[in-house]
Amino acid sequence: MGSWLSRKSKFDDTSNTVYLMQMPRGTRVPSLSPFPLKLETYLRMAKISHKSILGFSLSSKGKIPWIRHRGKDVADSQFSIEYLNKEFGVDFNAHLTNEEKAVSRAFLKMVEENLFWVLVCYRWFFMDPKDFGFSKPIPWLWLAYIRRMTRGYAYGHGMGRHSEEEIFHIGKLDLQALSDYLGAKKFLFGDKPSETDCSVFGMLAQFVFSDTKSPYCALIKKEFPNLERYCHTMRDAFWPDWDDVLKKGSS
Amino acid sequence: MRLTFGDTRLLALAAGAIAVGVVLFLNASRKQRKRKKLPYKDESDTVYVVQIPRGKKVPSPSPFPIKLETYLRIAKIPYENVFARKFSSKGKIPWIRHRGKDVPDSQFAIEYLNEQFNVDLEAHLTKEERAMSRAFLKMVEENLYWALACYRFIHDDVRKADYPSVIPTWALLLFGRRIKKYAWGQGMGRHSVEEIFHITKLDFEAISDYLGDKKFLFGDKPCVADCAVFGMLVQVVFNQTYSPHNALIKNEFPNLERFCWTMRNAFWPDWDQILAA
């Protein structure tokens with residue numbers, strides 16, 4: 004990409020460390036975006052040596068997070084995971100049957116391409132900006148700009164054309180599907196976590212740990228408690244230093 | 008009274024605003040009059056499906072009307088098509104009208120009809136299967152849809168795809184520009200041609216692996232996810248037969264083509280007559 008950041012910062016392109024470019028930490032969750040949280044959870048699960056670089060440096064695709072490894076920039080969290088799987092010989096779906104792999108992809112896409120937009124619309128259109136879990140309040144000019152941009156994106160996607168109640172209904176159906184499929188299992192596909200668990204955790208953590216005043220959090224606590232249980236399972240397993248990360252991030 | 012320059016400017020502004028207001032009012036009432044002209048019989052139980060006119064190779068160049076119509080046929084709900092370029096209150100098509108009520112969005116329409124006609128195509132599924140059905144529905148409509156739309160409208164010449172002749176080329180090209188803008192916001196439009204093809208392949212693989220040898224996604228009876236998958240895959244299997252996606256299905260995922268034929272033979276026995284009309 005040749006971002007100004009990569010020229011300015013001291014990446015050690017000879018080491019095997021994976022540099023993860025992501026937004027600054029939230030106050031209640033290590034990332035207020037599901038995708039960096041998904042990617043970082045994956046890196047921890049795979050025990051890949053990595054270093055987070057907190058900021059707003061966008062990838063070649065104009066988004067964040069992205070990674071840099073041995074001088075190569077990879078944009079998009081899913082392409083990053085596919086790249087890292089190959090580089091480090093990782094496959095968290097190896098224990099799944101072909102049908103389970105198929106279902107795994109279906110849930111990944113439901114969460115990242117549908118439930119994600121429910122979260123986006125809630126946060127930028129309906130939530131009180133004071134409830135954002137950033138360490139500093141978002142300046143009103145930025146808020147207005149991001150809201151305007153998001154309205155355009157959400158309208159183009161389709162979710163932005165629905166009412167608040169309709170969006171809640173769509174979110175509820177997605178959460179119900181996740182809850183029904185998870186059931187009493189530890190992870191989505193049994194006792195071992197798979198790749199999609201990183202993504203589902205990244206998304207659900209937003210509702211369960213950060214947007215605690217949201218109707219989605221209330222819904223999870225009331226009707227889908229196994230999703231909250233699942234978030235704690237993932238957090239305890241792969242983020243034992245959760246509180247330290249949040250404390251360090253706020254300093 | 009002599010008018011100052013400022014007065015003239017104000018007058019011009021006011022005249023402009025009034026002109027704009029008049030045009031908007033006339034346009035709105037023209038739309039209202041046009042809506043009233045459509046052949047709805049709001050006292051009957053017939054469901055009116057407003058969709059764009061038929062293509063020559065597929066009943067619709069869009070996956071969502073095919074999904075909706077297939078659902079109506081499976082559920083044996085009496086319906087009538089209204090072929091028109093009339094967009095819903097959400098600015099999209101298809102939408103339905105039933106007993107005077109307009110329901111935009113194919114999925115909300117299906118949920119409404121399930122309630123009105125006491126239909127549940129997922130009744131035979133377990134809780135986990137219902138969950139998987141929703142996941143596949145969303146993968147197809149929120150991921151695969153964009154990958155195929157990017158191919159049709161951005162990477163390839165949209166005029167090669169089968170579209171009803173009443174839609175002029177300039178409208179197709181204009182729509183393509185809009186899709187490009189939407190796809191950028193959605194995310195898919197930021198990937199390269201090869202990356203999007205890779206994403207499409209992974210989605211095809213998932214559907215193919217899950218379908219396996221089964222007649223429908225979840226066994227011998229179809230559900231709403233089957234309607235959505237069918238609506239999407241017919242665009243590749245029957246519409247854009249020249250595409251690399253068509254070759255991919257024929258070479259690597261032949262059960263997807265078999266599935267399309269199964270759905271078509273079961274629920275669209277009049278496919279050829281519809282297209283010939």
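Protein chains in written order, with the working numbering: chain A, 4 to 254; chain B, 8 to 284. We put the CB at the ideal spot given by N, CA and C, even for glycine.
query                                                                                                                                                   : result
Near Ile256 (chain B), which residues of its chain fall below 8 Å by C-beta distance, leaving aside the five closest residues on each side in sequence? : Phe211, Leu240, Val243, Val244, Leu263 and Glu264
Are Phe225 (chain B) and Met270 (chain B) closer than 8 Å when you measure CB to CB?                                                                    : no
Could you tell me the distance, in whole angstroms, from the CA atom of Ala19 (chain B) to the CA atom of Gly13 (chain B)?                              : 10 Å
Using a beta-carbon distance below 8 Å, is Asp216 (chain B) in contact with chain A?                                                                    : yes
Just curious, the alpha helix (DSSP H) that Trp120 (chain A) is in, first and last residue?                                                             : Phe119 to Cys124
I want to verify the contact list: residues of chain A whose CB lies under 7 Å from the CB of Phe143 (chain B), in sequence order.                      : Ala109
According to DSSP, simplified to helix, strand and coil, what is Leu23 (chain A)?                                                                       : strand
Does Ile186 (chain B) pass the burial test, meaning 16 or more other C-beta atoms within 10 Å, or should it be called exposed?                          : buried
What is the residue span of the beta strand (DSSP E) that Asn88 (chain B) lies within?                                                                  : Tyr86 to Phe90
Does Tyr189 (chain B) get closer than 8 Å to chain A when you measure Cβ to Cβ?                                                                         : yes
For Gln193 (chain B), would you say it is in contact with chain A, using Cβ-to-Cβ distances shorter than 8 Å as the test?                               : yes
Report the start-end ranges of each alpha helix (DSSP H) in the segment 151-197 of chain A that is 4 residues or longer and not cut off at the edges.   : 167-185
For a contact meaning CB atoms closer than 8 Å, what does Glu135 (chain B) contact in chain A?                                                          : Asp183, Tyr184 and Gly186
Which of helix, strand or coil does DSSP assign to Pro228 (chain A)?                                                                                    : helix
Shorter than 8 Å from the beta carbon of Arg197 (chain B) to some beta carbon of chain A?                                                               : yes
So, using beta-carbon positions, are Asn246 (chain B) and Asp169 (chain B) closer together than 8 Å?                                                    : yes
Per DSSP, which residues does Phe223 (chain B) bridge with? Please list them.                                                                           : B:Gly226
Does Asn19 (chain A) get closer than 8 Å to chain B when you measure Cβ to Cβ?                                                                          : no
Can a CB atom of chain A be found closer than 8 Å to the CB of Glu264 (chain B)?                                                                        : no
Among A:Ile67, A:Arg73 and A:Met48, which one has its Cα closest to the Cα of Asn19 (chain A)?                                                          : A:Arg73
In angstroms, rounded to a whole number, what distance separates the CA positions of Leu230 (chain A) and Phe143 (chain B)?                             : 20 Å
If the cut is a Cβ gap below 9 Å, which residues of chain B does Leu207 (chain A) touch?                                                                : By Cβ distance, chain B contributes nothing, its closest Cβ being about 15 Å from Leu207 (chain A), past 9 Å.
Residues of chain A with a CB under 9 Å from the CB of Leu155 (chain B): which are they?                                                                : The contacting residues do not exist; Leu155 (chain B) stays about 14 Å from chain A at best.
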